[in-house]
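Residues in the sequence shown are numbered consecutively from 1, following UniProt numbering.
Glycine is no exception: its CB is placed at the ideal position from the N, C-alpha and C atoms.
Please read the structure below before turning to the comments.
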Amino acid sequence: MVPKPKFNRGSAVEVSIEPGSSVPRTGDKVEAFWKQRWWEGYVSKDLGNGRFRVYFTESKEMVFSKRKLRVRRQWINDKWVPPIIYQQLKNYKELFRELKMPRWETRLENRRNWISELPDCILLHIMSFLEARDVVRTCILSKRWKDLCKRVTTLKYILPSAQTLDSFKSWIFSCRDHSCSLFNLTISTRIQQGEEALYPLIEYALFHNVQHLKININPSFRPKSDLLPLISVSHSLTFLKLSYGRNFGVAVCPKSLRLPALRTLYLKYVNFVATHHHYADPFSNCHELNNLVLRDCSLIQDAKVLCISNNALSSLTISSVAAQQFSLSTPNLKSFTFLGSFVFHRLLSSTCNLSFLQQVNIDGLSYIHKEASTFLRWLQVLANVKILKIGYSLIQTIQNDLLANLISKKVQPPHFARLESLTVVKSIRQSGSVPDEDIIKVVQQSLQNTTPMPKVDIRRYNKFMENLN
C-alpha cells in the first residue's frame with residue numbers, strides 16, 4: 001500500500017512539476033505557493049516561458065512561475081488522481097466569463113431571476129425604499145415589472161426641479177393604480193410655482209388613505225397658509241412632518257388642528273395665532289397625539305402664550321420657539337426637551353404635576369445679565385422628573401447669578417421628589433473653561449433642597465443633542 005504523503009494543507013511545501021508530468025492549462029484548478037502557504041485558484045492564462053496568470057476568488061489575478069504551481073489533485077484509492085479537465089465540465093467561454101466577471105456581477109447575474117420570482121408583496125416592499133423616479137424606472141426591467149410600480153403604497157419625491165414635479169404629478173394621476181392606497185408620501189423639493197402646486201398631490205394622498213406624510217419645501221414666496229387646513233381634513237393621517245425654509249415666509253397654523261388619528265407631529269417654521277385671550281392652543285383636538293416636535297416656530301398677532309394641551313402626549317420637543325410663556329397641560333408627559341435661548345427670559349407653567357415625567361433635556365445660550373431665578377422656576381415645574389440633562393451654559397448662568405450674588409437670591413432651588421440622576425453636558429470647546437469640581441459645586445448648590453442627592457455626571461459631546469431634522 002502506497003503511503004499518503006505526510007504534509008498538512010497550508011504548510012510551506014513546494015512541489016515542482018517534473019518533465020512529463022501534467023502542466024497547468026487554462027481553466028485548471030491549481031494551488032499556488034505564496035506567503036508561505038498554498039492558495040487555491042484557476043489558471044486564467046498561459047503567458048509562456050513557464051509563467052501563468054492565476055485567478056483567486058478572494059483577490060485579484062497574480063502571475064506565478066510553473067515552479068510555484070501544482071495542479072490540484074485528489075488522493076483516491078491510495079494514489080494521486082489528476083483533476084478532470086475543466087473544459088470537459090463547462091463550456092470554455094462560460095468558464096472564462098466567470099473568471100473575468102467580478103464577484104458582485106456574478107452574484108447579481110445569479111440572483112436576477114430569483115428576485116423576479118419573489119411575490120408581489122415582497123417586491124413592493126423593496127420598492128418602498130426607492131425614490132419615485134427609480135420606482136417608475138423598474139417598469140422597463142421585464143414584463144413582470146411592467147405594472148408593478150403602479151401599485152406601490154410608498155412614494156418619495158426628492159427632486160429640485162419644477163418640471164419633474166409636473167411629470168411626477170402626471171404619472172400619479174394618469175398611470176398609478178387608483179384602487180391602491182397611498183399610505184406614505186414624502187415630498188422634499190424647492191419649488192418655484194408656489195405652494196399650491198402641491199395641493200393636487202396632497203388631496204390625492206388624502207383621498208387614498210395616506211398615513212405618513214412628510215413635506216419639506218423651500219418656496220420662493222410667502223406661503224398661503226392653506227396647506228395645513230387642507231391636511232386637517234384627514235381621518236387616516238398618523239404621522240405628519242411639515243418643514244418650511246428659513247429664508248422665506250412662514251406658514252400659519254390653524255387655530256385648532258383636528259386630526260383624530262395623528263400620533264406624531266413635526267412642525268418647522270410655522271406660526272401660531274391666538275385661540276382665545278392671547279393663548280394659542282392648536283393641539284388640544286388631536287386626541288391621539290403622542291409625539292410633538294416644534295422647531296423655529298413663533299407666536300404672531302396678539303398671541304403671547306403657547307399652550308400645549310393634550311392628554312395623550314408623552315413626548316414634547318421645543319427648539320427655538322418664540323413665545324412669552326409656555327403652558328403645559330399634559331398629564332401623561334414622559335419626555336420633555338427644550339432647546340434655545342428663551343429659557344432665561346420665558347416662563348413655564350403647568351396645570352398638572354407631571355407625575356409621569358421620566359426625562360428632561362434643557363439647554364440654552366448663556367446670558368450673563370439674565371437672572372437664573374427664571375430657570376429655577378422651570379425646574380420647580382419639572383420637579384417630578386427622574387432623569388435631568390442640562391447644558392453647561394445653564395450651570396454657567398446659575399454660577400454667575402446665584403453663587404456670585406448670594407444675597408440677590410429670589411427663588412429657592414427646587415425640591416426634586418424622584419430625581420435619580422443629573423447630567424451636565426459640555427461641548428468639546430467648553431471642556432477646558434471651568435473645572436469639573438466647580439460645576440459639581442454649582443449643581444450641589446442647585447440641589448440643596450433635594451434629598452437624597454442624585455447621581456451627578458459630566459459628559460462631553462460635540463453637540464448637546466442630535467439635530468431634529
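Residue from the options whose Cα sits closest to the Cα of residue i
| i | options | result |
| --- | --- | --- |
| F168 | S142, A312, H235 and L198 | L198 |
| R70 | C307, R25, E437 and F207 | R25 |
| L299 | L292, Y269 and N290 | Y269 |
| G41 | V30, L47 and V443 | V30 |
| N311 | D302, H287 and C297 | H287 |
| K214 | N361, D120, K441 and T189 | T189 |
| E117 | S142, L130, D134 and E131 | S142 |
| D302 | H276, I308, P282 and S314 | H276 |
| G391 | L376, L339, P413 and E420 | L339 |
| K426 | L447, I440, W38 and K334 | I440 |
| L292 | S314, K68 and V443 | S314 |
| F129 | S309, V321, L265 and N184 | N184 |
| N400 | L422, Q445 and R377 | Q445 |
| R459 | V443, V424, S393 and L124 | V424 |
| D363 | Y55, S355, I172 and Q396 | Q396 |
| R418 | I398, L240 and L447 | L447 |
| S174 | Q324, D120, D147 and T186 | D147 |
| V152 | V43, I140, I387 and S179 | S179 |
| S232 | V210, I217 and G245 | V210 |
Nearest-angstrom Cβ-Cβ length linking residue i and residue j, presumed shorter than 8 Å
| i | j | result |
| --- | --- | --- |
| I318 | L294 | 5 Å |
| residue 506 | A261 | Here the chain has residues from 1 to 469 only, and residue 506 is not among them. |
| R263 | N285 | Actually they are not in contact, since the Cβ atoms of R263 and N285 sit about 14 Å apart, beyond 8 Å. |
| A372 | F416 | Incorrect: roughly 17 Å between the Cβ atoms, too far for contact. |
| L357 | F326 | At roughly 15 Å, the Cβ-Cβ gap does not stay under 8 Å, so L357 and F326 are not in contact. |
| A251 | L227 | 6 Å |
| L182 | L155 | 7 Å |
| P229 | K255 | Wrong, their Cβ atoms sit about 10 Å apart, outside the cutoff. |
Beta-carbon contacts of residue i that lie in its chain and below 8 Å, excluding the five residues immediately before and after
| i | result |
| --- | --- |
| C352 | L328, S329, T330 and P331 |
| T451 | none |
Three-state secondary structure assigned by DSSP to residue i
| i | result |
| --- | --- |
| N291 | strand |
| N8 | Legend: pLDDT at N8 = 44, less than 50; position of this residue unreliable, value from coordinates given subsequently. The answer is coil: DSSP assigns N8 none of H, G, I, E or B. |
| V381 | helix |
| M453 | coil |
| K90 | Legend: pLDDT at K90 = 41, less than 50; position of this residue unreliable, value from coordinates given subsequently. Three-state DSSP puts K90 in coil, outside helix and strand. |
| C307 | strand |
| E40 | strand |
| H235 | coil |
| Y269 | coil |
| E14 | Legend: pLDDT at E14 = 36, less than 50; position of this residue unreliable, no value from coordinates given. |
| S319 | strand |
| K45 | strand |
| T351 | coil |
| E437 | helix |
| T423 | strand |
| I398 | helix |
| L230 | helix |
| R418 | coil |
| D388 | The sequence given here places Leu at residue 388; Asp does not occur at that position. Correct three-state label for L388: strand. |
| R460 | strand |
| A132 | helix |
Sheet register partners of residue i (DSSP bridge)
| i | result |
| --- | --- |
| N216 | S188 and S243 |
| Y199 | Per DSSP, none; premise fails for Y199. |
| T154 | N184 |
| T264 | F239 and N291 |
| residue 486 | For residue 486 there is no data in the structure shown, the boundaries of the chain being 1 and 469. |
| F52 | D46 and F64 |
| A274 | Bridge partners of A274: none, in fact. |
| F326 | L306 and L348 |
| V30 | G41 and V71 |
| V252 | N271 |
| S298 | N271 and A322 |
| I172 | I172 is not bridged to any residue. |
Contacts around residue i, its chain only, beta-carbon distance under 7 Å, and the 5 residues preceding and following it disregarded
| i | result |
| --- | --- |
| R176 | K150 |
| N469 | At N469, the pLDDT of 42 sits below 50, so the modelled position is not reliable; the number obtained from the coordinates is stated separately. The answer is none, since no qualifying residue turns up. |
| L379 | P414 |
| K334 | S314, S315, F356, L357 and Q358 |
Cβ neighbours of residue i in the same chain (closer than 6 Å, five flanking residues each side left out)
| i | result |
| --- | --- |
| S320 | D296 and G340 |
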